[in-house]
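Trainee: The first sequence begins at 32 in the working numbering and counts up by one. This is the structure I want to talk about, given as structure tokens.
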Amino acid sequence: MQKLKPSFYRQPDVLQVAKSLLGQHLVTIVNGQRTAGMIVETEAYAGATDRASHAYGNRRTKRTGVMFDEGGVAYVYLCYGIHYLFNVVTNVQDIPHAVLVRALQPIEGIDIMLARTRKPALQYSLTNGPGSLCKAMHITTADTGLSLTGDKIFIEKATPIKAQDIMAGTRVGVAYAQEDARLPYRFWIKGNPWVSKGKGL
DNA sequence: TATTAGATAAAA
DNA sequence: TTTATCTAATAT
Numbered sequence: 032m033q034k035l036k037p038s039f040y041r042q043p044d045v046l047q048v049a050k051s052l053l054g055q056h057l058v059t060i061v062n063g064q065r066t067a068g069m070i071v072e073t074e075a076y077a078g079a080t081d082r083a084s085h086a087y088g089n090r091r092t093k094r095t096g097v098m099f100d101e102g103g104v105a106y107v108y109l110c111y112g113i114h115y116l117f118n119v120v121t122n123v124q125d126i127p128h129a130v131l132v133r134a135l136q137p138i139e140g141i142d143i144m145l146a147r148t149r150k151p152a153l154q155y156s157l158t159n160g161p162g163s164l165c166k167a168m169h170i171t172t173a174d175t176g177l178s179l180t181g182d183k184i185f186i187e188k189a190t191p192i193k194a195q196d197i198m199a200g201t202r203v204g205v206a207y208a209q210e211d212a213r214l215p216y217r218f219w220i221k222g223n224p225w226v227s228k229g230k231g232l
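Right, here's the structure in full:
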């Protein structure tokens with residue numbers, strides 16, 4: 032399998048990247064253990080112009096700093112004090128765009144994921160949420176800034192999802208973003224059971 | 001005067 | 001629980 036090229040992440044349109052990411056394989060290798068999953072749900076964050084983004088108004092801090100880097104690196108932050116959220120930084124330097132990976136369909140190392148999540152249930156609850164996804168893939172804030180073309184966390188090119196199988200809707204958990212919360216920046220694969228929430232919109 | 005460290009507050 | 005911001009201390 033081939034890794035996505037750096038140029039993929041530097042596309043000027045975050046929405047395009049978010050959609051293109053669907054169906055690709057996110058893989059992490061930790062302690063020699065390889066785990067992989069197909070991305071089935073993403074959300075786009077348009078940086079400076081997006082109230083839902085940490086980088087809204089070009090707000091730059093130690094934490095959000097990596098979003099200002101060139102596309103192709105990982106941005107991991109903590110939500111609600113306990114959930115790690117994995118984002119892919121896109122666009123060029125100084126444009127803090129990012130795509131949040133919300134759900135995965137396990138492909139490789141499912142047993143390893145199960146061991147990490149300590150939730151024996153082989154249900155869709157393994158990687159169907161941004162928080163549990165990171166646990167399963169062993170992603171933490173220590174991974175922020177890592178290049179997605181490196182050897183620990185990367186995305187492999189896979190069969191692209193057909194346009195008619197991509198659904199769009201509003202993002203979740205961004206009520207504070209006011210009008211921006213209603214933007215159709217969330218994408219998922221139609222009918223995939225691993226998508227985090229109800230698909231009915 | 002600048003940089004670093006510690007402490008306190010806020011968050012999502 | 002992590003992260004941000006402020007205040008203080010120490011070095012420059």
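Heads up, the beta-carbon is just placed ideally off N, CA and C, and yes, glycines get one too. Remember, predicted model here, so these are calculated numbers, not experimental data.
1) Note down the Cα distance separating residue 161 from residue 36, rounded to an integer number of angstroms.
2) Could you pull out every unbroken beta strand (DSSP E) segment of at least 3 residues lying fully inside the stretch 57 to 109, listed in chain order?
3) Quick check: what's the CA-CA separation for residue 173 versus residue 107?
4) If we count Cβ pairs, one from each stretch, closer than 8 angstroms, do we get three or more for the stretch 64 to 80 versus the stretch 122 to 137?
5) Residue 82 to residue 50, Cα distance in whole Å?
6) Specify the secondary structure class of residue 198 as computed by DSSP and reduced to three states.
7) Among 220, 214, 175 and 78, which has the Cα closest to the Cα of residue 190?
8) If you follow the alpha helix (DSSP H) that residue 141 is in, where does it begin and where does it stop?
9) Report the rounded CA-to-CA distance for residue 168 versus residue 89, giving the unit in angstroms.
10) Leaving out the 5 sequence neighbours to the left and right, which residues in its chain are closer than 8 angstroms to residue 209 when beta-carbon positions are compared?
11) For the stretch 154 to 198, list the alpha helix (DSSP H) runs that are entirely contained and at least 4 residues long, ordered along the chain.
12) Starting from residue 119, trace the beta strand (DSSP E) both ways and give me its first and last residue.
13) By the three-class DSSP mapping on this structure, what secondary structure does residue 209 have?
Mentor: With the structure as the only source:
1) 24 angstroms
2) 64 to 76
3) 8 angstroms
4) yes
5) 21 angstroms
6) strand
7) 220
8) 141 to 148
9) 30 angstroms
10) 82
11) 161 to 168
12) 114 to 121
13) helix
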